[in-house]
Amino acid sequence: MSDVRNNRREAGGSSVITANRLLDGRIVWQVAEGDWSPMIKDARIIPNAEIEAAIAQAAARQQADGLVGVYGVQIESDEATPTPVTVRERIRAFGPTVHPDFTPAAELEAHA
Numbered sequence: 014m015s016d017v018r019n020n021r022r023e024a025g026g027s028s029v030i031t032a033n034r035l036l037d038g039r040i041v042w043q044v045a046e047g048d049w050s051p052m053i054k055d056a057r058i059i060p061n062a063e064i065e066a067a068i069a070q071a072a073a074r075q076q077a078d079g080l081v082g083v084y085g086v087q088i089e090s091d092e093a094t095p096t097p098v099t100v101r102e103r104i105r106a107f108g109p110t111v112h113p114d115f116t117p118a119a120e121l122e123a124h125a
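This note's numbering numbers the first residue of the sequence shown as 14 and each following residue consecutively.
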C-alpha cells in the first residue's frame with residue numbers, strides 16, 4: 014500500500030519518516046528503527062526508492078513505539094538539515110511561521 018499523504022516524491026529524491034507520540038502528541042522523526050527524535054535534524058534520510066518499505070516497517074511498530082500516524086515526508090535534496098518540500102511539513106518540522114511585523118519587539122530581541 015502506497016503512502017497517500019505524500020504523492021510528490023521524486024524518483025531520485027529522499028524522504029524522512031514522521032509520526033506523533035501517543036503520550037503527548039509531540040511530532041517525532043525516525044532516527045533508526047524503533048528510535049525517534051523530536052528534532053528533524055536527527056532524522057534518518059531514506060532514498061525514495063526505499064521509503065514505502067521503511068514506512069511499512071515503522072507503521073507495523075507504531076503501537077509498540079507508542080506512536081500514531083506514521084508517514085513519509087519528501088525533503089529537499091540540497092539542504093544540510095532535512096527540510097521538507099511542503100509548507101505544511103516545514104511548519105511541523107520547524108514551528109509556525111510569523112511575519113516579523115506581527116511579532117512583539119521583545120520576542121525579536123530575545124531571538125537576535
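Cβ coordinates follow ideal geometry from the N, Cα and C atoms, glycine included.
On a predicted model such as this, the values are computed, not experimentally measured, just so you know.
Residue i - partner residues in DSSP beta bridges
i     : result
Gln2  : Within the shown structure, residues of the chain are numbered from 14 to 125, placing residue 2 beyond reach of any answer.
Ile58 : DSSP, once it has assigned bridges, lists no residue as partnering Ile58.
Ile68 : Paired residues: none, contrary to the question.
Whole-angstrom C-beta distance between residue j and residue i, which should lie under 8 Å
i     : j     : result
Ser50 : Ser90 : In fact, because the Cβ distance is near 21 Å, the residues do not count as touching under 8 Å.
heavy atom of the ligand ATP below 7 Å from residue i C-beta
i     : result
Ser90 : The ligand ATP is not part of this structure, which contains no ligands at all.
Straight-line Cα distance separating residue j from residue i
i      : j      : result
Arg39  : Ile53  : 12 Å
Pro109 : Thr94  : 18 Å
Ala24  : Glu63  : 10 Å
Arg101 : Phe107 : 10 Å
The segment 70-87 contacting the segment 29-45, beta-carbon criterion three pairs below 8 Å: yes
Stretch-stretch touch, CB-based, cutoff 8 Å, three pairs: the segment 63-74 with the segment 43-50: yes
Within the segment 70-112, ranges of the alpha helix (DSSP H) (whole runs, at least 4 residues): 100-107
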